[in-house]
Structure formats: structure tokens, C-alpha cells
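K.L.:
One structure, as C-alpha cells, below. Some questions next.
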Amino acid sequence: MARSVGDLGVLPVRRRPSKRGVALLAAVDLAVLASGAGYLIGQSGGADKEAAILAGRHSGQLAGKKSGLEQGYAAGLESGRQLGVRRSYRRAYHAAVREARKP
């Protein structure tokens, strides 16, 4: 039995996790948690069930929107850095758009 990957003559290859996938999972998790929390608060307090669900859903949407904006900002800056544009978010964003539109 091999004790390490090198014993088998296989080079380990790691894929970098997708930032977009991570942001999407975080947004969905936050939305589900917020919706569930709003529902439970409504149940325990005897308040209107629909109002609790709507409040939870709204807070989940806000959390998801904020997470998406932050991930987009970070992705734009990272793409700009890779292309040598380091001055501002706007330039980094435009550089990312140009890069994405390349055939």
C-alpha cells in the first residue's frame, strides 16, 4: 500500500474552487437560514405565519444580494490584477468584461 501520492507516481492536481459557486452557495444558505429563522420566530411567538415567512425571505434576499455584490467586486479586482490594471474598481471591472467577451 502506498504511503503517499508520490509512491504511486501520480502528481496531485488541485482545482481552485470557483468563487462564483462559493458565493451562490453562501447566498442560498443565508436565504434558507433567514427564512427558517423568521418562520420559527413566528411560530414561537404566535405571530402571523405568513408575515414571519416574508420577513425571513426578505432578509435572506438582502443577505444574498450583498454577498453577490461583494463577490462581484472581488472578482473584478482579481481579474484586473491579473491583467495589470490596479488603479480602481471601475477599470478592473471593465478589464474583466473585456476578458470575458474575448472569443
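Numbering (the numbering used here), first residue to last: 29 to 131.
Beta carbons: idealized from backbone N, C-alpha and C, even for Gly.
Nothing here was measured: the structure is a model prediction, and the numbers come from that model.
1. Using only alpha-carbon positions, find the residue among A103, K93, R129 that is nearest to R118.
2. What is the DSSP secondary structure of K130, counted as helix, strand or coil?
3. Who are the near neighbours of M29 in its chain, counting only those whose CB is closer than 8 Å to its CB and skipping five residues on each side?
4. Quick one: using the 10 Å Cβ neighbour count with 16 as the cut-off for buried, is L90 buried or exposed?
5. To the nearest angstrom, how far is it from the Cα of E98 to the Cα of G92?
P.N.:
In short:
1. A103
2. coil
3. Only weak support is given to the placement of M29: the predicted model assigns it a pLDDT of 46, under 50, and the question is left unresolved by the model.
4. exposed
5. 10 Å
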